[in-house]
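Trainee: Structure incoming, see below.
Protein chains: 2
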Amino acid sequence: MTDTAVATRSFTEKLEAARRASVLLATAKADLKNSALEAIARAVVANSDRIIQANDLDLANGRENGLSTGLQDRLRLDADRLSALADAVREIVALTDPVGEVVRGSTLPNGIGLTQMRVPFGVIGAIYEARPNVTIDIAALALKSGNAVVLRGGSAAENTNRVLVDVIQGALAEAGLPVDAVQTIDEFGREGAKQLMQARGHVDVLIPRGSADLINAVVAESKVPVIETGAGVVHVFLDASADERMAVDIVHNAKVQRPSVCNALETLLVHESSASRLLPPVLARLRESGVTIHADERTSAIFADVVPATDDDWSTEYMSLDLAVRVVGGLDEAMQHIRDYSTHHTESIITNDLGNAERFLAEVDSAVVMVNASTRFTDGGEFGFGAEVGISTQKLHARGPMGLGELTSTKWVVRGSGQARG
Amino acid sequence: MTDTAVATRSFTEKLEAARRASVLLATAKADLKNSALEAIARAVVANSDRIIQANDLDLANGRENGLSTGLQDRLRLDADRLSALADAVREIVALTDPVGEVVRGSTLPNGIGLTQMRVPFGVIGAIYEARPNVTIDIAALALKSGNAVVLRGGSAAENTNRVLVDVIQGALAEAGLPVDAVQTIDEFGREGAKQLMQARGHVDVLIPRGSADLINAVVAESKVPVIETGAGVVHVFLDASADERMAVDIVHNAKVQRPSVCNALETLLVHESSASRLLPPVLARLRESGVTIHADERTSAIFADVVPATDDDWSTEYMSLDLAVRVVGGLDEAMQHIRDYSTHHTESIITNDLGNAERFLAEVDSAVVMVNASTRFTDGGEFGFGAEVGISTQKLHARGPMGLGELTSTKWVVRGSGQARG
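Chains as they are written, first to last, in the UniProt record's numbering: chain A, 1 to 422; chain B, 1 to 422.
Written out as structure tokens, the structure is:
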């Protein structure tokens, strides 16, 4: 029944319904929002068969349309994955509700009580690719932070997403929250995504999730404010005084532990005075794990059997077992390289020199700057936020790992007793 | 000499120079930035004659081109106004430097030290109209918060702005800061403003200042993130239990004290059960001060000699001694009216009913919500921020009065001792 109702609504009607739902959601107590999340977790498992059936249809269409096996894997939902998604929703239940948190406050000289509080944005738009897990993930995060959400998933996951949204809406109704708090606009296709980007005033913030191309397209076209989660051309700089054990372990961890994510290392910079000491053990350890080294000439002179690096390597986010390596004259040249090629996500210096450590931390302009730690720590979970909303590479509103608090705005509350301005 | 150097640079060269300056400025100590601000304050006064001469030229051009007397007044600089501008710069010296402020911090279970610190955005772009005071104001605020700034003022103030920027650059050189920290792109005309809005990656944030039309145009066209300081269709709601004295004083203060600013009252809503008690004294007091009442039918029945309100009145920011007045059925109808017509700047309820006060504060979705206080308190100075960067009506990054802190981003600093992720 919900399906029919949804199909007959216009795009504008859907956004208006989202706004109405957001008004109710904004003042919903955490208990009620948590009940809805519990209901969603239960419903995702209870409706596994129905969801997998729809997902099979998308997968069959994908194979027919030549969808790569990698993308097919991202699209696939099975009982185990659905159970893991339900668990992830339950983890969000356990987090503190950011709404109502007092950020600052004071009593003004005239007796007025002033507090700045976290409030929901209102309506969040999400544009993402054919990964139906994002549908559940972003819906749960939006609900917990008191926001209504309008979803535009990839058309290759349209059948899966339609059923998922229907399941979520059923759970919302069961918990007593407005079903329009979570809606899909997949039925409007690419035109719907375009309209969403134009819907300033109707959508308060837009979150693109997926490839760099998708994010750049949304950033370029959107008139709605965007929270950008960008690519990571991530650097580690081995300083002259770097400890060998630390260098080997951190570089290996940063590159190899999970090469497909944005906080993985992409370019290693090495001080010329430590290159002959550090490069052989560091690169040998990487090679054991199957890493291909794209090396500049000075690195090649120290470590054999590498691929020569081209200019393109310095700006490439491999997301694979590849690493660009360059020998530099010192800290200043390392920081200049980072300024020239970094996407300002995460950079780490390995050093025992206090002055160099402090200069690196102060002068490198990235969302996360580190000394003697693996870049893999740039992560909401590792930072203690609980939920992973994404990692922002923009400077406005949120920078670096985002917690639930970054899905809220603030409001100033002024409590007077008849004050007029003098 | 500076003029010649400036004139031969391309738009791109100017943005690149701004980026280089921003790198130095980002780590400049507060003492150095304050010396530069003191030098600017001195130089503005010392160069009064030269500035006024250029301003006279702009004023003569303005008269020739039929610039309204109101705009001519905004454009005019004289010795008194320059002296007041210098004083305003000295007030910024006295403010705490936001750069380096630790926002959050913790020690992770693995021993990593984590701090989130305020850092400058980098390069701020400013687009504004022919008000040369903004040139000095925004340059001083940007410098204090460690940002380089690229200015595009109205062409009607081009001569004044060129001399002001030259004076500011002289003061920067005297203090030992890079002169390219403050640049004008006025010589590129409207095309320069367009390029500035496209300069994503080169400009970190764009601040439009001026009319609603200017701000809307920048918001619509810009690919650079914008901090929007929007219009104020500001409401006061007189509840059934509102105290008469409070209602009279607050409404009068909110409407009359300074009608031309964004926190001035534009629409008064009155509970039907208190309308006959409150409207006569409240509106009589306003009329004494020359306010024209644009009234709905129910108000007209209570208070004579008013202008009938049309639908347009409810969404008008008069910025003059005009007030729209409407009688509503109660709190819910008042909040619905606000949802329909407000620009979400500031709304205040006058009431003695605790439940209604709390509902209003929780449910009205505006940057500032008040109980029993004048809307004129929505102001950076009144909130204790010292400087008035503007009042944001957007929900991303900054909402409500903005202090120097809102001209910064943040950076996460991770201090490890060899940690790799498990």
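Ideal Cβ positions, reconstructed from N, Cα and C, are used throughout, including at glycine.
(1) Please state if the CB of L67 (chain B) and the CB of A175 (chain B) are separated by a distance shorter than 8 Å.
(2) Taking the alpha-carbon positions, what's the G105 (chain B) to G403 (chain B) distance?
(3) Output the residue ranges of the beta strand (DSSP E) runs that lie fully inside the stretch 205-233 of chain A and measure 3 residues or longer, sorted by chain position.
(4) Evaluate the contact criterion for the stretch 278-290 of chain B versus the stretch 23-35 of chain B: three or more CB pairs, one atom per stretch, below 8 Å.
(5) For the structure I just gave you, are there three or more beta carbon pairs, one from the stretch 231-248 of chain A and one from the stretch 289-298 of chain A, closer than 8 Å?
(6) Apart from the five residues on each side of it in sequence, which residues of its chain come closer than 6 Å, Cβ to Cβ, to A30 (chain A)?
(7) With burial defined as no fewer than 16 other Cβ atoms inside 10 Å of the residue's Cβ, what is the status of P178 (chain A): buried or exposed?
(8) Can you tell me where the alpha helix (DSSP H) holding L269 (chain B) begins and where it ends?
(9) Taking its Cβ as the centre, do 16 or more other Cβ atoms sit within 10 Å of Q336 (chain A), making it buried, or is it exposed?
(10) Any Cβ of chain B within less than 8 Å of the Cβ of A79 (chain A)?
(11) Would you identify the three-state DSSP class for residue 477 (chain A), choosing helix, strand or coil?
(12) Between T2 (chain A) and chain B, is any beta-carbon pair separated by less than 8 Å?
(13) Please say whether L278 (chain A) and L238 (chain A) have beta carbons closer to each other than 8 Å?
(14) What are the boundary residues of the beta strand (DSSP E) that includes Q419 (chain A)?
(15) Are the CB atoms of L196 (chain B) and residue 436 (chain B) within a distance shorter than 8 Å?
(16) With distances taken between CB atoms, is the gap from A204 (chain A) to F121 (chain A) smaller than 8 Å?
(17) Going by Cα to Cα distance, which pick from B:G62, B:D166, B:N147 is closest to I40 (chain B)?
(18) Pick helix, strand or coil for F188 (chain A), following the three-state DSSP scheme.
(19) Could I get the ranges of all uninterrupted alpha helix (DSSP H) runs contained in the stretch 23-109 of chain B, with 4 residues as the minimum, in chain order?
(20) With DSSP collapsed to three states, give me the class of D313 (chain A).
(21) On the three-state DSSP scale, how would you describe P308 (chain A)?
(22) So, with DSSP's three-state summary, where would you put L164 (chain B)?
(23) Let me confirm a value: V371 (chain B) is counted as buried when at least 16 other C-beta atoms fall within 10 Å, else exposed. Which label applies?
(24) Count the C-beta pairs between the stretch 75-85 of chain B and the stretch 379-395 of chain B that are closer than 8 Å, then say yes if the count reaches three, no if not.
(25) Note down, in chain order, every chain A residue with its Cβ under 7 Å from the Cβ of W412 (chain B).
(26) Helix, strand or coil: which one does DSSP assign to G170 (chain B)?
(27) By the criterion of Cβ-Cβ separation under 7 Å, what are the contact partners of Q195 (chain A) in chain B?
(28) Would you mind giving the Cβ-Cβ distance between V150 (chain A) and L24 (chain A), rounded to the nearest angstrom? I have them listed as a contact below 8 Å.
(29) Quick check: is any heavy atom of the ligand NAD less than 7 Å from the C-beta of V233 (chain B)?
(30) Would you mind sorting E228 (chain A) into buried or exposed? The rule is 16 or more other CB atoms within 10 Å of its CB.
(31) Which residues in chain B sit within 8 Å of M246 (chain A), going by Cβ to Cβ distance?
(32) For V6 (chain B), which residues in the same chain have their Cβ closer than 6 Å to its Cβ, ignoring the five residues on either side in sequence?
(33) Taking Cβ positions only, does S342 (chain B) come closer than 8 Å to chain A?
(34) With a threshold of 16 other CB atoms inside 10 Å of the CB of Q169 (chain A), please say whether the residue is buried or exposed.
(35) With the cut-off set at 8 Å, would you say V219 (chain A) and A199 (chain A) are in Cβ contact?
(36) Measure the CB-CB distance between V134 (chain A) and S83 (chain A) and report whether it falls below 8 Å.
Mentor: Straight from the coordinates:
(1) Within the second sequence, numbered from 1, the residue matching residue 175 (chain B) stands at position 175. Within the second sequence, numbered from 1, the residue matching residue 67 (chain B) stands at position 67. No, they are not a contact pair.
(2) Your numbering for residue 105 (chain B) matches position 105 in the second sequence. Your numbering for residue 403 (chain B) matches position 403 in the second sequence. If you take the alpha carbons of G105 (chain B) and G403 (chain B), they lie about 22 Å apart.
(3) 205-209
(4) no
(5) no
(6) In the first sequence, the residue the question calls residue 30 (chain A) occupies position 30. Cβ within range, chain order: D97.
(7) Here residue 178 (chain A) refers to the residue found at position 178 when the first sequence is read from its first residue. That one is buried.
(8) Here residue 269 (chain B) refers to the residue found at position 269 when the second sequence is read from its first residue. Not the alpha helix (DSSP H): L269 (chain B) falls in the beta strand (DSSP E), residues 265-271.
(9) Against the first sequence, residue 336 (chain A) aligns to sequence position 336. Exposed, by the Cβ-count rule.
(10) Here residue 79 (chain A) corresponds to residue number 79 of the first sequence, with the count starting at 1. Chain B contact via Cβ: absent.
(11) Nothing can be reported for residue 477 (chain A), as the shown portion of chain A is limited to 1 through 422.
(12) Here residue 2 (chain A) is taken as the residue at index 2 of the first sequence, counted from 1. With a pLDDT of only 46 at T2 (chain A), under the threshold of 50, the placement of this residue in the model should not be trusted, and no figure is reported.
(13) Locating residue 238 (chain A) in the first sequence gives position 238, where the first residue counts as 1. Locating residue 278 (chain A) in the first sequence gives position 278, where the first residue counts as 1. Taking 8 Å as the Cβ cut-off, L238 (chain A) and L278 (chain A) qualify as a contacting pair.
(14) Position 419 of the first sequence holds residue 419 (chain A). It spans 408-419 - the beta strand (DSSP E) in which Q419 (chain A) sits, taken as one unbroken run.
(15) Examination of residue 436 (chain B) is not possible in this model, given that chain B is present from 1 through 422 alone.
(16) The residue given as residue 204 (chain A) occupies position 204 in the first sequence. The residue given as residue 121 (chain A) occupies position 121 in the first sequence. The question names Ala, but residue 204 (chain A) is Asp in the sequence shown. In this structure, F121 (chain A) lies closer than 8 Å to D204 (chain A) by Cβ.
(17) Your numbering for residue 40 (chain B) matches position 40 in the second sequence. Comparing Cα-Cα distances from I40 (chain B) to each of B:G62, B:D166, B:N147, the minimum goes to B:D166.
(18) Mapped onto the first sequence, residue 188 (chain A) falls at position 188. The answer is helix: DSSP assigns F188 (chain A) an H, G or I state.
(19) 30-46, 48-64, 69-75, 79-93
(20) The residue given as residue 313 (chain A) occupies position 313 in the first sequence. Three-state result, D313 (chain A): helix.
(21) Position 308 of the first sequence, counted from the start, is the residue given in the question as residue 308 (chain A). Three-state result, P308 (chain A): strand.
(22) Within the second sequence, residue 164 (chain B) is the residue found at index 164, counting from 1. It is helical.
(23) Here residue 371 (chain B) corresponds to residue number 371 of the second sequence, with the count starting at 1. It counts as buried.
(24) no
(25) Walking along the second sequence from the start, residue 412 (chain B) turns up at place 412. Those are A367, V368, G400, listed as they occur along chain A.
(26) As a working mapping, residue 170 (chain B) is identified with position 170 in the second sequence. G170 (chain B) falls in the helix class under three-state DSSP.
(27) For the purposes of this step, residue 195 (chain A) is taken as residue 195 along the first sequence, with counting starting at 1. Within chain B, no residue comes near Q195 (chain A); the closest Cβ sits about 15 Å away, beyond 7 Å.
(28) Counted from its first residue, the first sequence places residue 150 (chain A) at position 150. Counted from its first residue, the first sequence places residue 24 (chain A) at position 24. With a Cβ gap of about 16 Å, V150 (chain A) and L24 (chain A) do not count as contacting.
(29) As far as ligands go, the structure on display features none, and thus does not contain the ligand NAD.
(30) Counting from 1 along the first sequence, the entry for residue 228 (chain A) is found at position 228. Label assigned to E228 (chain A): buried.
(31) One-based indexing of the first sequence puts residue 246 (chain A) at position 246. What M246 (chain A) touches in chain B: G418.
(32) Within the second sequence, residue 6 (chain B) is the residue found at index 6, counting from 1. With a pLDDT of only 47 at V6 (chain B), under 50, the local geometry of the prediction cannot be trusted, and no value is derived from it.
(33) One-based indexing of the second sequence puts residue 342 (chain B) at position 342. False, the Cβ-Cβ gap to chain A never drops below 8 Å.
(34) Taking the first sequence and counting its residues from 1, one reaches residue 169 (chain A) at position 169. Buried: at least 16 other Cβ atoms inside 10 Å.
(35) For the purposes of this step, residue 219 (chain A) is taken as residue 219 along the first sequence, with counting starting at 1. For the purposes of this step, residue 199 (chain A) is taken as residue 199 along the first sequence, with counting starting at 1. In this structure, A199 (chain A) does not lie closer than 8 Å to V219 (chain A) by Cβ.
(36) Mapped onto the first sequence, residue 134 (chain A) falls at position 134. Mapped onto the first sequence, residue 83 (chain A) falls at position 83. Result no, Cβ atoms of V134 (chain A) and S83 (chain A) do not sit closer than 8 Å.
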